[in-house]
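**Student:**
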Amino acid sequence: MAEKPWGQLGVPHLGDSHAGDRRIGEVSFEHPHGLSLPVLVKYLYTSERLSIQVHPDDQQARAFGHECGKDEMWIVLAAEPGATIGLGLKQSYEPDVVAAAIADGAIVDLVDWRPVRRGEVIYNRAGTIHAAGAGLVLLEVQQSIDLTYRLFDYGRPRELHLAEGLAVSRFEPHHDPRDCQLGKGESRVLADGPHFGAAWCAGGLPEGLPVNPDHWQLVVVSGTASIGGLSLSEGEAAYTQSLVGLTMARDAVVMLAWPAQKSMAEAA
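Reading the sequence shown from the start, the letters are residues 0 to 267 in numbering that gives the first Met the number 0.
1. CB valine 40 to CB glutamine 216, shorter than 8 angstroms?
2. Compare the beta carbon distance of valine 38 and proline 258 with 8 angstroms and say whether it is the shorter of the two.
3. Classify serine 168 as buried or exposed, calling it buried when 16 or more other Cβ atoms lie within 10 Å of its own Cβ.
4. So within the stretch 213–251, which uninterrupted beta strand (DSSP E) runs reach at least 3 residues, ignoring any that extend past its ends?
5. If I measure Cβ to Cβ from glutamate 235 and keep anything under 6 angstroms in the same chain, skipping five residues before and after, which residues do I get?
6. Taking the Cβ atom as the reference point for each residue, do alanine 77 and glycine 68 lie within a distance shorter than 8 angstroms?
7. How many Å lie between aspartate 70 and glycine 192 at the Cα?
8. In angstroms with no decimal places, state the Cα-to-Cα distance between glutamate 233 and glycine 222.
9. For histidine 173 versus glycine 87, is the C-beta spacing smaller than 8 angstroms?
10. Check glutamate 71 in the structure and name its three-state DSSP category.
11. Name the residue from Trp112, Ile74 and Glu185 whose alpha carbon lies nearest to the alpha carbon of proline 205.
12. Based on the DSSP secondary-structure assignment, which residues constitute the bridge partners of glutamate 79?
13. Spell out a yes or no on whether the stretch 104–114 and the stretch 19–39 are touching, meaning 3 or more CB-CB pairs, one atom from each, closer than 8 angstroms.
14. If I'm right that alanine 237 touches glycine 202 with Cβ under 8 angstroms, what's the distance once you round it to whole angstroms?
15. What span of residues does the alpha helix (DSSP H) with alanine 162 cover, start to end?
16. Please state the DSSP three-state secondary structure of valine 210.
17. Taking the beta strand (DSSP E) that proline 205 falls in, what are its first and last residues?
18. Out of curiosity, what's the CA-to-CA distance linking alanine 18 and leucine 146?
19. Taking DSSP as the reference, what is the three-state secondary structure of isoleucine 121?
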């Protein structure tokens, strides 16, 4: 759980014991024994626009001395009327145009602010200039690293990373075939590599899940589920090495995440 100035009061996944005047921006799930996980799953709660930012890919991140880059995927769980997410730029621009726009604040007008609604899935590939807007509850799946280069932060007194951010940015619109709108009662695999897998499970498991991933992270989005002797309700999560014995209420929705499967060449 992390307090953020852009977070929300009274977030829905913490229970009454956490009520108060704290602005919660993130609630993330950790390994039950404190071990590191290659995939991070968390809730995001926004009451104002986050910084305009970008993440490097694996190759770029390693060149800067980091373990990996950061792809991420958002599932919109709630969106206030008029809520938007900035995804890529409205059109392709030369890097020097974007750099000048950051300097005078015009970058806000270059970003493609898209209206979003509940059930929308957005795959935010590394290199995409982006920003989550206000009034959102998002479920995020990402490569497990805190690696963000801020390009513009509306005058907030936080560090910017202009040289690094501009070096890894793609100065173009956002397009990704994994973006979709979930239908009511729909179960489907949302992503299956190259960095992580994720699936939306409404009342049951979808076809196309991997046969034998290293482990699964399971988050109950609504309703109830049980696995391995654990009974889970909305907002709770479990780490498991098998889905055998998973039961879901008929009206339950569960999100599954798993680490990317190694290719035969990588495993050799």
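By construction, the Cβ of each residue, glycine as well, lies at the ideal position given by its N, Cα and C atoms.
**Tutor:** By the coordinates alone:
1. For valine 40 and glutamine 216, yes; Cβs fall inside 8 angstroms.
2. Cβ distance < 8 angstroms, so valine 38 and proline 258 count as in contact.
3. Serine 168 comes out buried.
4. Entirely contained in the stretch 213–251, the beta strand (DSSP E) runs reaching 3 residues are, in chain order, 215–221, 223–226, 229–232 and 236–239.
5. So the list reads Val219, once near-sequence residues are dropped.
6. Contact check for alanine 77 against glycine 68 fails: the beta carbons are separated by 8 angstroms or more.
7. Answer to the nearest angstrom: the Cα atoms are 10 angstroms apart.
8. As the crow flies, the alpha-carbon of glutamate 233 is around 6 angstroms from that of glycine 222.
9. Yes. Within cutoff.
10. Residue state, collapsed to three classes: strand.
11. Here the closest residue by C-alpha is Glu185.
12. Partner(s): none; glutamate 79 has no beta bridge.
13. Contact between the stretch 104–114 and the stretch 19–39 is not established, with fewer than three Cβ pairs separated by less than 8 angstroms.
14. With a Cβ gap of about 18 angstroms, alanine 237 and glycine 202 do not count as contacting.
15. Per DSSP, alanine 162 is one residue of the alpha helix (DSSP H) stretching across 161–167.
16. Coil.
17. Segment: none, proline 205 is in no beta strand (DSSP E) and carries neither H nor E.
18. For alanine 18, the predicted model reports a pLDDT of 48, less than 50, meaning its position is unreliable; a value from the coordinates is still stated below. Roughly 30 angstroms between the two C-alpha positions.
19. For isoleucine 121, the secondary structure class from DSSP, reduced to helix, strand or coil, is strand.
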